[in-house]
Every structure is written in C-alpha cells, then in structure tokens.
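Enquirer: After the structure tokens below, expect a handful of questions from me.
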Amino acid sequence: MQRSGKRVGRADGRKANNRAAFSLLELLVAVSIIGILVAMLFPALNSARSASRRAACASNLRQFGIGLHAHAQRHQTFCSGAFDWRRDGCATEIGWVADLVNQGTPVGEMLCPANPARICNTFNDLLNLDVSVTDNCVDRLGSAATTNPDGSPALNPCRAIVEQGLPPGSEQRRSVVERQIFAEHFNTNYAATWWLTRTGLLLDANGNIKSNKGGCQPSRLARHSTLGPLTPSRADTASVSTSFIPLLGCGAAGRPLAMHVGENPAGALTARGMTAGPAANPGMATPSFADGTPQTGVNGWWAVWNATLQDYRGFAPTHCGACNILFADGGVRAFIDADGDGLLNNGFLPTAENGFASAKTELPPEEVMSKWQLR
C-alpha cells in the first residue's frame, strides 16, 4: 500500500506540472494575441492622431480668418503686411501676426500641431540682421519711444535692438527677442501668401518691376514694389471668387534657427513666413525685359507675365501628405501632395532646381488662384 501511495503522489505531481505548463502556454498565447492586436491598432491610432492634428490646424486657420476679416472691417486691408522684420517692419506692430496678436489672438500659441518647425524664420533676422546702417526702404524701428511714469524710456523691441545697438548674435539681443517678441506670442509656423501681403506688382512701361521708393532695389517680394496687403475691394473685384484666393497655409521649412529661442534650440527647423509670388515656369526666375519691350503681342511683356505661376513652395503638406489652406472667404481646404515630393505643384514643369518631382497638378488652377494678378 505504501508503494501504491508513492505512485499516486508521483502522478499528482505530473498533473500539477502539466497544469503549470499549460498555464504558461496560455499566457504566451495571450501575450502574442495582445501584441497582434496592438500592432493592428497602431495605424488606426496614428490615423486618429493625424486627423485630430489636421482638424486643430484647420480650426486655427479659421480663427485667423475671422481675425483677418475683423482687421479688414476696421482698416480696409486684411492685414498690415507679412511677419517679416527685414521686408515689412517691426514684428510686433506690422504684419498679420502682429495684427492678430494686438487684437487679442495669441497666434504664437496656435501653431500647426503637425509641423515640426515651431518657430518662424523671421526670428533669424531678429537675431542676426545687421541694422547698424539705416535702411530707408523699410521702417524697422516701428513706433516712437515713449516715457514710462518713472521717467524711463519705453521702446518696442525692434527699436530697442536698433537704438541700443544690440549686436547680431549677442545674448543681449537674443534675450530681447525671446522675452519681448517670442514670449508675447509673436510667432507662427503658417506661411502667408503673396496675395495676402503683396496683392500685385508695380511695373514700369517696359514690364519690369519697379519701386515706389527711390534708391530701393525692386523685387517681387519687396513691399515697396507691390500694391501692398490685400484689400476687400481688390478681393471682391478679382477675376476669381474669394473662395479661390489663398491667404495662409501650413509653412514649409526655412533656414535653421541661429540661436536658441524659448524651447527651440539653435539649429531647429524654422517655418517660412511667406510664399514667393509670380515666377517663370519652370526656372522660377522673375521676368525682366529690355527697354522698349512692348506690352502687347505674343512677345510682349504682358504675355510673359501671364505665363508665370505663383510660387507656393512656401507651403508644406505637414499632415501626412496634406496641407491646410485658408481662403479669403474664410473657408479652409486640404490639398494632397500626390507625388510625395513634399511640395504642392500648381502647374510647374519639374526640374532639379525647382524641386518638383513631377508635373502632377496638386493645387488646381480652378481651385487655387495661381496667376500673376488678381484681375
């Protein structure tokens, strides 16, 4: 009987071991199933996160659109210019960003959430532009100095940089830029269109771009060579509906940041602040003409300008291949980078220089105004 008892004990032990082994196998199977389910869920989660970011971006743009229209009602222009100290003036007083911030919209807190660039490339100019020599083409000083109640001077940050002689790349200058500009919400990673900030070109009798300021170099990007910011009357009398005139969109990458500003380290991506206006297809150059070139005829300067297209390479498809764009009617639409080159082509032939991978039209001319003039 004792031997029989021992045999029973050994049998019970084997059963216990079998049960333990089976439990471990069950655990491994369960872990494997969970892993498979998680792997299956990742694309859905990423898609949901992307959709959420795209919706938040579109909401930002709609809010900006409301602000631009409010500015237009008070000032008869959608904005006062580009967020561009070099070309437009004091970044806290001039430009669409300044307009909206000064109206109470914290633009710097309303960044495109999908854009890896978290700061505008105009900060490189704010940090490093040499302003030791007066430039009569652009008022970079802004408003005049005032006096505080204690008798100390009150200067806007751009005037402080110039009048206090803060050297390019200095810590003193970086600190002013960070505390009085960046920290006060004067920042964006959206690009304004040439339509919003420049509207149209000033041309001479030969079809060349001219300046309305003596001694200033003509340029399609210069404020003094254009009609200036878009007005409601020019938008309403354009050859296309306001629903096809783009104003703002997700910004493409600009130059690396020169110095750290806020949470943005030196070398971080910046976002371009503006699209580049009408350019020749496919070379992207600004047309120029010899003296005596006629306006009319197949070889006239009007025909050459009419063959140009807006350079929208300042936009980027930051939302998994899609770019949100705000239009003058207040609507926001997304456009897809169909060929995956990181650009949105509106009709340019591809070359190594312009960066387009194909001639695939991703900004159709019937949906996005791409000509050289609105009328």
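Under my numbering, the first residue of the sequence shown carries the number 25, and numbering increases by one thereafter. C-beta: ideal position from N, C-alpha, C; glycine also. Owing to the predicted nature of the structure, the values given are computational and were not obtained by experimental measurement.
Which one of Arg258, Pro192, Asn230 and Ser194 has the shortest CA to CA distance from Trp219?
Expert: Looking at the Cα atoms, Arg258 is the closest of the given residues.
Enquirer: Going by alpha carbons, who is nearest to Asn211 out of Trp325, Ala327 and Asn148?
Expert: Closest option to Asn211, Cα to Cα, is Asn148.
Enquirer: Quick check on this structure: which residue in Cys274, Leu293, Val285 and Phe380 has the alpha carbon closest to the alpha carbon of Arg78?
Expert: When only C-alpha atoms are compared, the closest one is Cys274.
Enquirer: Leu85 to Val356, Cα distance in whole Å?
Expert: So the two alpha carbons sit approximately 7 Å from each other.
Enquirer: Less than 6 Å between C-beta atoms, sequence neighbours within five positions excluded: which residues of the same chain meet that for Thr310?
Expert: Cβ neighbours of Thr310 beyond the five flanking positions: Arg244.
Enquirer: Whole angstroms are fine: how far does the CA of Glu390 sit from the CA of Ala207?
Expert: Each residue's alpha carbon lies about 40 Å from the other.
Enquirer: So, is His99 buried or exposed, given that buried needs 16 or more other C-beta atoms within 10 angstroms?
Expert: Exposed, since its Cβ has fewer than 16 Cβ neighbours within 10 Å.
Enquirer: Sort out for me which residues DSSP pairs Tyr336 with in a bridge.
Expert: Partner(s): none; Tyr336 has no beta bridge.
Enquirer: Counting Cβ pairs closer than 8 Å, one from the stretch 321-333 and one from the stretch 169-179, do we hit at least three?
Expert: In short, these stretches do not touch, since the Cβ pair count stays below three.
Enquirer: Do Glu202 and Gly286 have their beta-carbon atoms positioned less than 8 Å apart in this structure?
Expert: Yes, the Cβ-Cβ distance between Gly286 and Glu202 is below 8 Å.
Enquirer: Under 8 Å Cβ to Cβ from Gly29, same chain only, skipping five residues before and after it: list those, please.
Expert: The predicted position of Gly29 is uncertain, since its pLDDT is 47 and thus under 50; a value taken from the coordinates is nonetheless stated next. Excluding sequence neighbours, Gly29 sits near nothing in its chain.
Enquirer: State yes or no: is the C-beta of Leu151 within less than 8 Å of the C-beta of Gly193?
Expert: Yes, these two residues count as a Cβ contact at 8 Å.
Enquirer: Assuming Asn330 and Phe372 form a contact by the criterion Cβ under 8 Å, report the distance between their Cβ atoms to the nearest whole angstrom.
Expert: Contact doesn't hold; Cβ gap of about 15 Å is too wide.
Enquirer: Would you report the Cα separation of Gly379 and Val55, rounded to the nearest angstrom?
Expert: About 47 Å.
Enquirer: Can you tell me whether Ala122 is buried or exposed? The criterion is at least 16 other CB atoms within 10 Å of its CB, across all chains shown.
Expert: The residue in question, Ala122, is buried, as its Cβ has 16 or more Cβ neighbours within 10 Å.
Enquirer: What does DSSP give as the partner residues of Gly345 in its beta bridges?
Expert: In the DSSP output, where bridge partners are listed per residue, Gly345 has none listed.
Enquirer: Which two residues bound the contiguous beta strand (DSSP E) that contains Ala216?
Expert: Per DSSP, Ala216 belongs to the beta strand (DSSP E) from Tyr214 to Ala216.
Enquirer: Which residue wins for smallest C-alpha separation from Gly278, given the options Phe268, Pro270 and Gly297?
Expert: Out of Phe268, Pro270 and Gly297, Gly297 has the C-alpha closest to the C-alpha of Gly278.
Enquirer: What residue range is occupied by the uninterrupted alpha helix (DSSP H) comprising Leu150?
Expert: Leu150 -> alpha helix (DSSP H) spans Thr146 to Asn152.
Enquirer: Are the CB atoms of Pro253 and Ser104 nearer to each other than 8 Å?
Expert: Taking 8 Å as the Cβ cut-off, Pro253 and Ser104 qualify as a contacting pair.
Enquirer: Enumerate in chain order the residues of its own chain whose CB-to-CB distance from Leu179 is below 6 Å, with the five nearest sequence positions on each side excluded.
Expert: Once the five neighbours on either side are set aside, the close Cβ partners of Leu179 are Ala169.
Enquirer: Going by DSSP in three states, Met25 sits in which element: helix, strand or coil?
Expert: At Met25, the pLDDT of 44 sits below 50, so the modelled position is not reliable and the matter cannot be decided from this model.
Enquirer: What span of residues does the alpha helix (DSSP H) with Arg203 cover, start to end?
Expert: That run of the alpha helix (DSSP H) goes Glu195 to Gln204.
Enquirer: Identify every residue that forms a DSSP beta bridge with Ile233.
Expert: Paired residues: Leu227.
Enquirer: Using beta-carbon positions only, say whether Leu225 and Thr261 come within less than 8 Å of one another.
Expert: Result no, Cβ atoms of Leu225 and Thr261 do not sit closer than 8 Å.
Enquirer: Quick one: Cα of Met25 to Cα of Gly59, how far?
Expert: Any reading at Met25 must be qualified, since the residue scores a pLDDT of 44, below 50, and its modelled position is unreliable; the value itself is stated next. When rounded, the distance between both Cα atoms is 51 Å.
Enquirer: Can you check which of these residues, Leu293, Arg337 and Leu367, is closest to Asn139 by C-alpha distance?
Expert: For the residues Leu293, Arg337 and Leu367, the minimum Cα distance to Asn139 belongs to Leu293.
Enquirer: Using only CA atoms, which one of Gly89, Glu386 and Val125 lies nearest to Tyr336?
Expert: Out of Gly89, Glu386 and Val125, Glu386 has the C-alpha closest to the C-alpha of Tyr336.
Enquirer: Between Ala276 and Thr255, what straight-line distance do the alpha-carbon atoms span, to the nearest angstrom?
Expert: Going from the Cα of Ala276 to the Cα of Thr255 covers about 26 Å.
Enquirer: Between the C-alpha atoms of Thr158 and Pro67, what's the straight-line distance to the nearest angstrom?
Expert: Cα-Cα distance, rounded: 55 Å.
Enquirer: Val186 to Ala282, Cα distance in whole Å?
Expert: One C-alpha to the other measures close to 19 Å.
Enquirer: What's the C-alpha gap between Thr101 and Ser83?
Expert: Looking at the two C-alpha atoms, the distance is approximately 22 Å.
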